[in-house]
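A.B. asks:
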């Protein structure tokens, strides 16, 4: 009974984080025309660093390059992933950008598969994205390139996060990555910001984006992953594009043609079905460590 309750609370918390992240992204869609993507991403990373660093200050003494480089690379990937995603949101809209970006972790989940069924799921997802990007009769090439870059960065983020979690205790690796990301983003933010647009309302909006998109989800992730399996986590995440489309419509006033709505659902269903049908594999070193954490 306790295990079932833990799964339910973990799944519920994961759903809450999906809502939080996508609501934050919809608010970013409001802020980007005012201050630009670099400023939005820099403030988001600043909030993340302020959340993580006081509790997980990295101990760099004695660190070897072999342990440190994945955390440095993760910081670069974080900067690229968030910046390109928000640029895609500005050019394509939140619903379309989030759906294309999800191809990154979906492709990673299927990368080692040799099943014909997974090829069918991948083809369905690709067809959904094709419908999504062509259904309005126009093709925003730059926006799609930004979204695909964000997708590839998300896949790299997953791989590097696994490596960093094994190499560093707690969230120390994430704290190193947040500092690296912030260092890369701040110069772009300072060069592009229009100080005349900043007021307390805009600052409050930027801080809300940082809390909803970074601080709150990162706080809950450890709680969630101790209570649900990585497969269930991935399945719930696969519905992120639908949630993003809903917030795109509610907050940003985005509209979707019927075939665009179908395309988003096709991508989500294909991803969820592919992940749900995967066979269990032996626990990795990371999962063993996570499971042993009190």
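In UniProt numbering, the protein residues as written are 1 to 294.
Idealized CB from N, CA, C, for every residue including glycine.
Please read these numbers as outputs of a predicted model, since none were measured by experiment.
Can you confirm whether the region 240-250 touches the region 194-214 when touching is taken to mean that 3 or more C-beta pairs between the two stretches lie within less than 8 Å?
C.D. replies: As far as the Cβ criterion goes, the region 194-214 does not touch the region 240-250, which means the pair count is below three.
A.B. asks: Determine the DSSP secondary structure at residue 41, reduced to helix, strand or coil.
C.D. replies: Residue 41: helix per DSSP, three-state reduction.
A.B. asks: Does the distance from the CB of residue 220 to the CB of residue 17 come in under 8 Å?
C.D. replies: In contact: residue 220 and residue 17 (Cβ atoms closer than 8 Å).
A.B. asks: According to DSSP, is residue 228 part of a helix, a strand, or is it coil?
C.D. replies: Residue 228: coil per DSSP, three-state reduction.
A.B. asks: Quick one, which of 132, 250 and 143 has its alpha-carbon nearest residue 258's?
C.D. replies: Closest by alpha carbon: 132.
A.B. asks: Are the CB atoms of residue 44 and residue 173 within a distance shorter than 8 Å?
C.D. replies: No, they are not a contact pair.
A.B. asks: In chain order, what residues of the same chain lie with their CB nearer than 6 Å to the CB of residue 234, ignoring the 5 residues before and after it?
C.D. replies: Counting only Cβ-Cβ distances below 6 Å, and skipping sequence neighbours, we find 275.
A.B. asks: Nearest to residue 168 by CA position, among 22, 68, 38 and 28, is which residue?
C.D. replies: The residue with the shortest Cα to Cα distance from residue 168 is 68.
A.B. asks: Whole angstroms is fine: what's the gap from residue 150's alpha carbon to residue 84's?
C.D. replies: About 6 Å.
A.B. asks: Check for me: the alpha helix (DSSP H) holding residue 115 runs from which residue to which?
C.D. replies: That residue, residue 115, is in no alpha helix (DSSP H); it is neither H nor E in DSSP.
A.B. asks: Using 8 Å as the threshold, is the C-beta distance between residue 157 and residue 270 below it?
C.D. replies: No, they are not a contact pair.
A.B. asks: Considering residue 154, what are the terminal residues of the alpha helix (DSSP H) in which it resides?
C.D. replies: It spans 141-167 - the alpha helix (DSSP H) in which residue 154 sits, taken as one unbroken run.
A.B. asks: Evaluate the contact criterion for the region 70-77 versus the region 177-187: three or more CB pairs, one atom per stretch, below 8 Å.
C.D. replies: Contact holds: three or more Cβ-Cβ distances are below 8 Å.
A.B. asks: Going straight from the alpha carbon of residue 152 to that of residue 102, what length do you get?
C.D. replies: Approximately 9 Å, taken between the alpha carbons.
A.B. asks: Quick one: residues in its chain with C-beta nearer than 7 Å to the C-beta of residue 4, no 5 flanking neighbours on either side, listed in chain order?
C.D. replies: Here the set comprises nothing.
A.B. asks: Rounded to whole angstroms, what's the CA-CA distance from residue 197 to residue 115? Just pull it up for me.
C.D. replies: One C-alpha to the other measures close to 53 Å.
A.B. asks: Could you name the residues of the same chain whose beta carbon sits closer than 7 Å to that of residue 229, not counting the 5 residues immediately before and after it, in chain order?
C.D. replies: So no residue of the chain qualifies.
A.B. asks: Less than 8 Å separating the beta-carbons of residue 192 and residue 36?
C.D. replies: Yes, Cβ-Cβ distance for residue 192 and residue 36 is below 8 Å.
A.B. asks: Tell me the rounded alpha-carbon separation between residue 47 and residue 195.
C.D. replies: Cα to Cα, the separation comes out at about 20 Å.
A.B. asks: Under 8 Å: do the region 105-112 and the region 212-219 share three or more Cβ pairs, one atom per stretch?
C.D. replies: Counting Cβ pairs under 8 Å, fewer than three are found: no touch.
A.B. asks: Would you grab the beta carbon distance between residue 129 and residue 99 for me? Rounded to a whole angstrom, and I think it's under 8 Å.
C.D. replies: Contact holds; Cβ gap of about 7 Å.
A.B. asks: Report buried or exposed for residue 90, applying the criterion of at least 16 other Cβ atoms within 10 angstroms of its Cβ.
C.D. replies: Its Cβ being crowded by 16 or more others within 10 Å, residue 90 is buried.
A.B. asks: Please name the residue, chosen from 244, 267, 176 and 265, that lies closest to residue 50 on a Cα-to-Cα basis.
C.D. replies: Checked all of 244, 267, 176 and 265; the closest Cα to residue 50 is 176.
A.B. asks: Check residue 238 in the structure and name its three-state DSSP category.
C.D. replies: If DSSP states are grouped into helix, strand and coil, residue 238 belongs with coil.
A.B. asks: Since residue 248 and residue 93 should fall inside the 8 Å C-beta cutoff, what is the C-beta to C-beta distance between them, to a whole number of angstroms?
C.D. replies: Confirmed, Cβ separation roughly 6 Å.
A.B. asks: Grouping DSSP H, G and I as helix and E and B as strand, with all else coil, what is residue 101?
C.D. replies: Looking at residue 101 - three-state DSSP - the assignment turns out to be helix.
A.B. asks: Expressed to the nearest angstrom, what Euclidean distance is found between the alpha-carbon atoms of residue 72 and residue 81?
C.D. replies: About 14 Å.
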